[in-house]
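Colleague: If you read the protein sequences in the order shown, they are chains A and B.
Numbered continuously in our numbering, the first sequence closes out at residue 448.
Numbered continuously in our numbering, the second sequence closes out at residue 232.
Pasting in a structure now, in structure tokens, and then I'll have a few things to ask.
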Amino acid sequence: MISTVEIKDGILLALDSIRSNKLRAGLTILGVLIGVASVIGMASIISGLDKMVMNEIESMGSNVLYVTKFPPDVDYDKLTEEERNRKPIDFEAVQAIIDFCPSITAVAPRNYYAPPGGNVVKYKGNQANRPGMFGTLPDYVKVENRNVGRGRFFNEFDMERRAMVCVIGSDVAKALFPHEDPVEKQIRVNSRQFRVIGVMEEKEPFLGESDNNFVILPYATYEKLIPWEKELFLQASAASPQTMDQAKDEITSVLRRIRGVPYHKPDNFAIWTQDNIKDAVNNITQYIYIAMIVISSVGLMVGGVGVMNIMLVSVTERTREIGIRKAIGAKKLNILIQFLTEATTLACSGGVLGIFAGILLAFLSKLIFSMPFTVSILWMVLGFSVSVLVGLVAGIYPAYKAARVDPIISLRYE
Amino acid sequence: MSLIEVENLWKTYDMGHEQVNALRGVDMKIEKGEYVAIMGPSGSGKSTLMNLIGCLDTPSKGTYRLNNQAVADLNDDELARIRNKEIGFVFQTFNLLPRATALHNVELPLIYNGTSRELRRESAERAMQIVGLGDRMTHRPNELSGGQRQRVAVARALVNNPSILLADEPTGNLDTSTGMEIMGLLADLHRSGNTLIVVTHEYDIAKFADRIIFLRDGQIEKEEYKQAG
Ligand SMILES: Nc1ncnc2c1ncn2[C@@H]1O[C@H](COP(=O)(O)OP(=O)(O)OP(=O)(O)O)[C@@H](O)[C@H]1O
Ligand SMILES: [Mg+2]
């Protein structure tokens, strides 16, 4: 028969002994604190990362295939002879896909130009902060799922004329036109005149990096001005998720043909999708999970040993008290519960502090990586339950020892 | 049938290389409502006998019947229940919980038998009144004098209305006049119907009892009855 008073008593006694042995108790619960904090903190980092990546992927447009020289996880230190000599993906590939891949509905290359020192983009006295510059096709907005905020994107007509027009990102617009409407203004890009015809809508930053600082040229114009810059990043979208495989097969056979791959040799290019990105992210989260499990189990183990130790000391110090309690009618079970409660309280105070520390960790990761702030109740409950468990497991042996104290002996000796 | 019936009680401590016979065949009977003092030189087995009567310990040989119940037949939990319900201990060293208030110390036996909160509070406060400490409920033991601590211990012993009050040298750590006050308090409790057994060194204290049992070397040497009147 255990009454709630006993539990309350145990908790009060535990808090009391924490107060009177701050350092010892503090060190003891530090392990539990770290264990629980790492569970909460890492879990929220993982879920924040997941959420952020999913948002990013969604915003990247759907059913997109990427064609590059190497797969995204290539190790540049371990390239084979063939890989080192690979021909870049160039506009020939873009044209071939447009002409020969019926499952592809839109293609958008991105051919970047970056002179030493960066691109110089100016309007009157203002200068943009070394924006990226690339040439692409009118389908770019469709493939990347980005909208023009103001003005318009370039079209086939601009392409044919190799018009000296450009579309700028919102960062460039802010830098050059703090008080004016950018549309129809003439800006200088690397000392050539371009007419701004549109401004892209602003995009949320990803992992703290903003993607709004760029100047886009029509591909034909780009090619005319910078004919030597061949290598490009090729993106193509399929009509639907169902036609992705078909589209991939078509691109593979077209590229093998134009890149002259013999039939018994593997592809000398890579085609990948957002699934590959998801896999890559899952890979990272797996490492975080492993780190979390390692840190928290070490912390909890150290915490558990600490709780056990402090409780064993407490049992020795308080044999007389145990004797008194037994003399006035405490059963073994009463004593057992008392010390278990105490151990659990000790571990739980570490757990509760750990939850706060974990929330702080999640908050810091939001500040530093601008991740969405997610602290799930579930993980907090889990963290708390784990600390209860640690307390029970670590407390059981000391409590058993306490319950077995012989009242005669303990009352006899001062 | 007496309240306490002890027959040929032996207690042997096994010290490994030798056996210590703390009690060597004690026979005695104590009636309900009696006031008995136990005297004897140090090491004669007084505390050992008290611990056996108080069910803190079990005899090596012989029988002890409390309320016609053979204690040897009881398990640990049943012994704990008897200590809680039937026995009230008062020790030489007070043995209060240092970090609990006086009232909480007195409440403790009631906590272990699951008395409801209101009843517990009420009984504990009444016990504190009886020992004359109605105004010291929230004090901790180190905020009380020795005499007051022993009063708290007496309140704790009587809070459950036990059949027997056992006091092992209750005045041993007190000065003479404070000791006399405590003895007066115990005598009052005896007068109001409690069975009282007191261990003491001092004849001056023992002489208040109805009967004095003299122990020597673990055996009853003699008994002395108070003259009628
Ligand atoms: N737990 C024990 N282990 C070994 N011997 C013990 C134990 N308890 C008591 N004894 C021995 O039993 C004998 C009786 O001890 P007890 O404490 O009953 O004496 P006492 O009459 O109460 O003495 P005092 O007046 O000094 O309190 C002593 O010789 C003591 O050494
Ligand atoms: Mg003694």
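Ideal Cβ positions, reconstructed from N, Cα and C, are used throughout, including at glycine.
Please confirm whether A83 of chain B has its beta-carbon closer than 8 angstroms to some beta-carbon of chain A.
Modeller: Yes, A83 of chain B counts as interfacial toward chain A.
Colleague: Check whether the Cβ atoms of L106 of chain B and T61 of chain B sit closer than 8 angstroms, and answer yes or no.
Modeller: For L106 of chain B and T61 of chain B, no; Cβs fall outside 8 angstroms.
Colleague: Any chance you could list the beta strand (DSSP E) runs of at least 3 consecutive residues sitting entirely within the region 149 to 193 of chain A, in chain order?
Modeller: Fully enclosed beta strand (DSSP E) runs of 3 or longer: 155 to 157, 166 to 170, 182 to 185.
Colleague: Using a Cβ-Cβ cut-off of 8 angstroms, state whether V439 of chain A counts as contacting chain B.
Modeller: Taking Cβ atoms only, chain B never reaches closer than 8 angstroms to V439 of chain A, which makes this a no.
Colleague: Is D171 of chain B close to ligand 2? I mean its beta-carbon at under 7 angstroms from any heavy atom of the ligand.
Modeller: D171 of chain B: yes, Cβ under 7 angstroms from ligand 2.
Colleague: Quick one: is T114 of chain A buried, meaning 16 or more other Cβ sit within 10 Å of its Cβ, or exposed?
Modeller: Counting Cβ neighbours within 10 Å, T114 of chain A comes out exposed, since fewer than 16 surround it.
Colleague: Which residues bound the beta strand (DSSP E) around G28 of chain B?
Modeller: Where G28 of chain B is concerned, the enclosing beta strand (DSSP E) stretches over 22 to 33.
Colleague: Do M345 of chain A and P432 of chain A come within 8 angstroms of each other at the CB atom, strictly closer than that value?
Modeller: A contact, by the Cβ cut-off of 8 angstroms.
Colleague: Cβ of K14 of chain B within 7 angstroms of any heavy atom in ligand 2?
Modeller: Because no heavy atom of ligand 2 lies under 7 angstroms away, the Cβ of K14 of chain B does not count as near it: no.
Colleague: Ligand 1: which residues have Cβ under 5 angstroms from any of its heavy atoms, chain order?
Modeller: Per the Cβ criterion, the list is B:Y16, B:V23, B:A25, B:S45, B:G46, B:S47, B:G48, B:K49, B:S50, B:T51.
Colleague: R154 of chain B CB to nearest chain A CB: under 8 angstroms?
Modeller: Chain A contact via Cβ: absent.
Colleague: For N176 of chain B and chain A, any beta-carbon pair shorter than 8 angstroms?
Modeller: Chain A contact via Cβ: absent.
Colleague: Measure the C-alpha to C-alpha separation of T379 of chain A and Y115 of chain B and round it to an integer number of angstroms.
Modeller: When rounded, the distance between both Cα atoms is 21 angstroms.
Colleague: Roughly how many whole angstroms lie between the Cα atoms of A281 of chain A and I389 of chain A?
Modeller: Taking the straight line from one Cα to the other gives about 49 angstroms.
Colleague: Using a C-beta cutoff of 8 angstroms, does R53 of chain A count as contacting chain B?
Modeller: Judged by the 8 angstroms Cβ criterion, R53 of chain A is not in contact with chain B.
Colleague: Name the one or two DSSP bridge partners that I221 of chain A has.
Modeller: Paired residues: A:F228.
Colleague: Tell whether a beta-carbon distance below 8 angstroms holds between V422 of chain A and A396 of chain A.
Modeller: For V422 of chain A and A396 of chain A, no; Cβs fall outside 8 angstroms.
Colleague: For the region 359 to 379 of chain A, enumerate the residues whose C-beta is nearer than 9 angstroms to any C-beta of chain B, in chain order.
Modeller: Answer in chain order: R359, K360, A361, I362, G363, A364, K365, K366, L367, N368.
Colleague: Mapping DSSP to helix, strand and coil, what is P212 of chain A?
Modeller: Looking at P212 of chain A - three-state DSSP - the assignment turns out to be coil, as it is neither helix nor strand.
Colleague: For the putative contact between A436 of chain A and I358 of chain A, defined by C-beta atoms under 8 angstroms, what is the C-beta separation to the nearest angstrom?
Modeller: With a Cβ gap of about 13 angstroms, A436 of chain A and I358 of chain A do not count as contacting.
Colleague: Between which two residues does the beta strand (DSSP E) holding A170 of chain B run?
Modeller: Taken as a continuous stretch (DSSP letters only), the beta strand (DSSP E) holding A170 of chain B covers 167 to 171.
Colleague: Who are the neighbours of V349 of chain A on chain B, taking C-beta pairs under 9 angstroms?
Modeller: Those do not exist, as V349 of chain A stays about 15 angstroms from chain B at its closest Cβ, beyond 9 angstroms.
Colleague: In whole angstroms, what is the alpha-carbon distance linking F373 of chain A and V339 of chain A?
Modeller: In a straight line, the C-alpha of F373 of chain A is about 15 angstroms away from that of V339 of chain A.
Colleague: What is the C-beta distance between W2 of chain A and I74 of chain A, in whole angstroms, given that I count them as a contact (C-beta under 8 angstroms)?
Modeller: One cannot answer for residue 2 of chain A here, as it falls past the ends of chain A, which runs 35 to 448.
Colleague: Looking at V109 of chain B and A158 of chain B, is the spacing between their C-beta atoms short of 8 angstroms?
Modeller: It is a contact, given that the beta carbons lie within the stated cut-off.
Colleague: Applying a beta-carbon distance threshold of less than 8 angstroms, which residues of chain B neighbour I442 of chain A?
Modeller: Ordered by position in chain B, the residues that pass the 8 angstroms Cβ test against I442 of chain A are N54, L59, D60.
Colleague: How many whole angstroms separate the CB atoms of L177 of chain B and I185 of chain B, which I take to be in contact at a CB cut-off of 8 angstroms?
Modeller: Between I185 of chain B and L177 of chain B the Cβ distance is about 6 angstroms, and since that is below 8 angstroms, they are a contact.
Colleague: At a Cβ cut of 7 angstroms, what residues of the region 111 to 137 of chain B count as close to chain A, listed as they run along the chain?
Modeller: Correct list: L111, P112, I114, Y115, N116, G117.
Colleague: Quick one, which of B:E21, B:A170, B:M31 has its alpha-carbon nearest N11 of chain B's?
Modeller: Residue B:M31 is the option with its Cα nearest to N11 of chain B.
Colleague: Contact criterion: CB-CB distance below 8 angstroms. Does L445 of chain A meet it with respect to chain B?
Modeller: Taking Cβ atoms only, chain B reaches closer than 8 angstroms to L445 of chain A, which makes this a yes.
Colleague: Taking the continuous beta strand (DSSP E) assigned at C200 of chain A, which residues delimit it?
Modeller: Its beta strand (DSSP E) spans residues 199 to 202.
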